[in-house]
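Residue numbers (our numbering), protein chains in the order written: chain A, 67 to 342; chain B, 67 to 342; chain C, 67 to 342; chain D, 67 to 342. All C-beta atoms in this analysis are idealised placements derived from N, C-alpha and C, irrespective of residue type, glycine included. Note sheet for the following structure.
Number of protein chains: 4
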Amino acid sequence: MNLPDVQSQPDLRQIPIPAVGIAPVEVPIRFGDGRAPASASVGLFTDLAPDVKGTHMSRMVELIMAWRREPVTAATLFALLDETRSRLGARTARVSVAFRHFVEKGAPVTGKAALVPYDVELLAGVEDDERQLGWRLGAVVTTLCPCSEAISDYGAHNQRGTLSVATAFRDTRELPLVDGFLEQLEQLGSCPLYTLLKRPDEKWVTEAAYRTPKFVEDVLRDAVLWLQAQPEIGWFAVKVSNDESIHPHNAVAYYDRALVDPQWTRPALFWWDHRL
Amino acid sequence: MNLPDVQSQPDLRQIPIPAVGIAPVEVPIRFGDGRAPASASVGLFTDLAPDVKGTHMSRMVELIMAWRREPVTAATLFALLDETRSRLGARTARVSVAFRHFVEKGAPVTGKAALVPYDVELLAGVEDDERQLGWRLGAVVTTLCPCSEAISDYGAHNQRGTLSVATAFRDTRELPLVDGFLEQLEQLGSCPLYTLLKRPDEKWVTEAAYRTPKFVEDVLRDAVLWLQAQPEIGWFAVKVSNDESIHPHNAVAYYDRALVDPQWTRPALFWWDHRL
Amino acid sequence: MNLPDVQSQPDLRQIPIPAVGIAPVEVPIRFGDGRAPASASVGLFTDLAPDVKGTHMSRMVELIMAWRREPVTAATLFALLDETRSRLGARTARVSVAFRHFVEKGAPVTGKAALVPYDVELLAGVEDDERQLGWRLGAVVTTLCPCSEAISDYGAHNQRGTLSVATAFRDTRELPLVDGFLEQLEQLGSCPLYTLLKRPDEKWVTEAAYRTPKFVEDVLRDAVLWLQAQPEIGWFAVKVSNDESIHPHNAVAYYDRALVDPQWTRPALFWWDHRL
Amino acid sequence: MNLPDVQSQPDLRQIPIPAVGIAPVEVPIRFGDGRAPASASVGLFTDLAPDVKGTHMSRMVELIMAWRREPVTAATLFALLDETRSRLGARTARVSVAFRHFVEKGAPVTGKAALVPYDVELLAGVEDDERQLGWRLGAVVTTLCPCSEAISDYGAHNQRGTLSVATAFRDTRELPLVDGFLEQLEQLGSCPLYTLLKRPDEKWVTEAAYRTPKFVEDVLRDAVLWLQAQPEIGWFAVKVSNDESIHPHNAVAYYDRALVDPQWTRPALFWWDHRL
């Protein structure tokens, strides 16, 4: 059976396509460190030359299905991208891998351990000889309002706040350990969240938050200070969003290194920010 | 052009279908009280006899498009259902109309007014001579943890909690005023939410919540007590879900009058609970 | 440090609570069959006596964290529920475990294999001596419209349809194999979906769907016939929802065995349908 | 009562914040053209100087509540932004207004009319003397696969595709008419969607899609050609995402004028793309 290859037909419109591909492709992924596999959502994209009608998406599926058997590392992410470019005849390739990441955390007083879930998205892109590598991390924290505390005779409103950080790494050969990053980030709220807290722990987190009131602006700035001090981090952006317990809307603060310092640019090869 | 009516063909499987229809059909709706129109999501369903292959969904679209020009009342909801049965040759019809409802609320001290949004879903169903009418309302409130307050030297964790109530009315001739219901319900948390709060208001709500600590169980029970005391309400269910500010998961409590008191049954003609 | 146990205080409102607990608690879970672990969302609930102020949710976290190390089976689900009742002094307990399930499926012509993701939710409940066990499965299928095919000179509109099935098992000692169920269910659309299709496979699925036109009503009825024929299944409900490719809204059909045949009742101990 | 103004305290970290504010603030909005009001989600943000601890979010609520009484136009959006800068002492302000937009559309053969819903988000920003104005529009269309059609003896898989377009306008004094834009955009799929189709219409759309097969790449390129030809449009980005009816994942294509032509830059004052 000889079936025509419609995708390979010439295209006369002469419009180059920066990114075309498939998402979300859901697969279990595994890590090299004995950590439990995770269910991941993968996006894989290449550019398409102006004179070609369509890409071959089934090849991308094959590439993801082979890749997911390897441990997830910077090396295997870039190997996937290079093989994708080669199989698709592309100059550019982008991949994102989003999953739930679990960290075992001991309660602050009793030390009782339980898993805390975090959202992690790995991001990598290649164009000619350029390589970009980074991630998007989300840590949920307690935030306690400094204004509410200062003006009230007792109590202070507090709530869940989400601290989201996206970074590009200067060195693309290795991904830093995500657990260490998350541990640092969640210290920047009024108090970290815990899945398991017994009564002495609940007393501890309640009082710790009350002693550490922070606006979204405070969490954002402390995150910026910490991120600026990490030598391995190049570009980064931070968003803090508080699910205000006294309002039906959220308080949000945003920082993008590229908006503030012309030395930095947003990584154009990360897929995550191409959402409309 | 004579096009075959495939839907009207006989069906040999002899399986009656309790509900078949269309959702979400998005339309602007209007009210009779001068209130601003809202963007609504409508679901419309009928039963289908065991010997008919398919229903005629385009008629349902026409019915919704005509209905949405009328003010939304119990009478127009049931008129829609009766006409739907008639046009589709059905014995049963169900409708749900979900929209964002706005109430102007003054801040507790300064009195400054702003709109607060609520989720409302109207529910109506008919089967033979039986009529069922009710709604699902969601009020977001502050909840402050009694345990945290009792064990801590200062402060207490608090957060957004969602109080969801579904009710069936004894009398199906008229929908009660939704604003009055919402006003009562949101008194049952530790404090209502406000869109606009100036500093004296923020002090007030912070202290009010601290003086009114409530578990999800407390909010649930107070809602049950209040709902039991309303003579117009028959069956009801309540769910309270706290976005715990110290945990990544929620605390949830649920009450269904039909689970506790055999005198009541869940309204089988409401579409909302047929979700899988 | 002697911290008061506020939850154990007496409650004077005398309102029994059918279900109170925590959700979603996210944890990795594992299976006994060598299958890759999955990231799961767990809900765990007990009843609460009318004279007790609050439940002890931190115990539920501890129970989930211990349970998730065991392989997921009917036996370990009920062991979790029994221990939960014991630790919380409850008469009733409910658990739900939702996760992404992967099945390796070969393409219909080339046989090339790739993983297909499915949504699965395990459901179990106990009350006194009664045990209920079941699941909610979601299979996404192609549906092709019989009317469009019959009236058009060429082509027929088709789309993704979601076939959702909830079942209670007559025998609560063992969970049937989920893969076999999913394989049967997805035969009931116009054609199953595949993650990987090469050109000969794409030709095959296109033509298979065109030869098997089905309304939502057809998929629903075929699912009902199949489910009725399974001796291990008691109560069940089915929903089919088509993401109509010619409309902005969906076509939906629903069947609940309890609505059609008084011999069956909805399992009151499943948590999933207590959503408001 | 003299309550301290914590937000106005000095901040020693010296980190300027590009955007801080509130979202989503839900309000009904109205238009000047007799069109029905809509329920909108508003985000409002300003920059914050490096030496100030926090912004005053309650002023932003007041500004939104006053603004929403005016008809939504370019002039009232910029008046809101200018007043926001003035009230908050800011150099920069950004606003986004997302709502459901309804267009009455006649079926292609019978001409029967019904409303079709679209997602619209208005975007405006000011910094010093610079003004940026644009929108994000989403049109859902039918897409029919050219490969499936070419290789199959009969039929062709088709599905819902979402065509999302974000644009910045060269002239910020007036917003173009959104209806005309949507009408043009949805011509770029294999066929537009309709809420209401009678049998002759369904035949028409089925055959029209079959005669107009398009990959995501085709829809994207046709959108790019059309957008390039509009003199009022400066920067734009387009995303097409197909809910593939034969796969569980989507096919996605993306174009950003700034990625392809160095003459253009992404509008840094639009809030929508600052999502992490």
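{"query": "Status (buried if at least 16 other CB within 10 Å, exposed otherwise) for A:Ser-124", "result": "buried"}
{"query": "Where the alpha helix (DSSP H) containing A:Tyr-320 begins and where it ends", "result": "Premise fails: A:Tyr-320 lies in the beta strand (DSSP E), 316-322, not in any alpha helix (DSSP H)."}
{"query": "Completely contained beta strand (DSSP E) runs for the segment 181-254 of chain A, where each covers 3 or more residues", "result": "196-210, 224-235"}
{"query": "For D:Lys-305: DSSP bridge partner residues", "result": "D:Ser-230, D:Tyr-320"}
{"query": "Distance CB(B:Arg-231)-CB(B:Val-304) smaller than 9 Å", "result": "Before going further, note that residue 231 of chain B is Val rather than Arg in the sequence given. For B:Val-231 and B:Val-304, yes; Cβs fall inside 9 Å."}
{"query": "Residues within the segment 249-269 of chain C neighbouring chain A, beta-carbon criterion of under 7 Å", "result": "Thr-261, Leu-262, Leu-263, Lys-264, Arg-265, Pro-266, Lys-269"}
{"query": "Neighbourhood of C:Val-138 by C-beta, 6 Å cutoff - its chain only, sequence neighbours within 5 removed", "result": "Ile-95, Phe-97"}
{"query": "Pair within 9 Å by beta-carbon distance, A:Glu-283 and D:Ile-83", "result": "yes"}
{"query": "One or two residues paired with D:His-167 in a DSSP bridge", "result": "D:Tyr-184"}
{"query": "Beta-carbon proximity list for B:Glu-252, same chain, < 6 Å, skipping 5 on both sides", "result": "Ala-205, Val-207, Pro-258"}
{"query": "C-beta neighbour in chain B for D:Leu-69, strict 9 Å", "result": "yes"}
{"query": "C:Thr-261 beta carbon less than 9 Å from that of C:Val-182", "result": "yes"}
{"query": "Length of the line joining the Cα atoms of C:Asp-267 and A:Thr-272", "result": "59 Å"}
{"query": "Cβ pair count under 8 Å reaching 3, the segment 187-195 of chain A against the segment 276-296 of chain A", "result": "no"}
{"query": "Beta carbon proximity, D:Ile-95 to chain A, threshold 9 Å", "result": "no"}
{"query": "Chain A contact residues for D:His-315, given Cβ-Cβ distances below 7 Å", "result": "Ile-88, Ala-89, Pro-90, Val-91"}
{"query": "Nearest-angstrom Cα separation, counted from D:Asn-224 out to C:Thr-228", "result": "16 Å"}
{"query": "CA-to-CA distance, C:Ala-324 to D:Ala-179, given in whole angstroms", "result": "39 Å"}
{"query": "Cross-chain neighbours of C:Gln-73 in chain B, by beta carbon under 9 Å", "result": "Pro-212, Cys-213, Phe-281, Glu-283"}
{"query": "A:Tyr-184, buried or exposed, once every other Cβ within 10 Å from all chains shown has been counted against 16", "result": "buried"}
{"query": "Span of the alpha helix (DSSP H) around C:Thr-142", "result": "140-154"}
{"query": "Collapsed DSSP secondary structure at B:Asp-284 in the structure displayed", "result": "helix"}
{"query": "Supposed close pair B:Gln-73, B:Thr-121 - CB separation, criterion 8 Å", "result": "7 Å"}
{"query": "Test item: CB-CB of A:Ala-164 and A:Pro-90 under 9 Å", "result": "yes"}
{"query": "Sequence-distant residues of the same chain with beta carbon closer than 7 Å to B:Ala-317, five excluded per side", "result": "Val-282, Asn-308, Glu-310"}
{"query": "Check whether A:Leu-210 and A:Val-161 have beta carbons under 9 Å apart", "result": "no"}
{"query": "Bridge partner(s) assigned by DSSP for A:Arg-160", "result": "A:Phe-111, A:Gly-191"}
{"query": "Limits of the unbroken alpha helix (DSSP H) element including C:Pro-266", "result": "265-277"}
{"query": "Same chain only: Cβ atoms within 6 Å of D:Leu-293, ignoring 5 sequence neighbours per side", "result": "Ile-299, Phe-302"}
{"query": "D:Asp-322 classed as buried or exposed, judged by whether at least 16 other C-beta atoms fall within 10 angstroms", "result": "buried"}
{"query": "Spatially closest choice to A:Phe-235 from A:Trp-270, A:Leu-188, A:Pro-116, A:Leu-263, by CA coordinates", "result": "A:Leu-188"}
{"query": "Opening and closing residue of the beta strand (DSSP E) in which B:Ile-83 lies", "result": "83-95"}
{"query": "Close beta carbons around A:Glu-92, own chain, < 6 Å, minus the five adjacent residues each side", "result": "Ser-107"}
{"query": "Unbroken alpha helix (DSSP H) run spanning B:Leu-129, endpoints", "result": "123-133"}
{"query": "CB-CB length for D:Gly-221 against C:Ala-216, believed under 8 Å", "result": "Between C:Ala-216 and D:Gly-221 the Cβ distance is about 13 Å, and since that is not below 8 Å, they are no contact."}
{"query": "Reference D:Tyr-320, options A:Ala-85, A:Asp-327, A:Pro-76, closest by Cα", "result": "A:Ala-85"}
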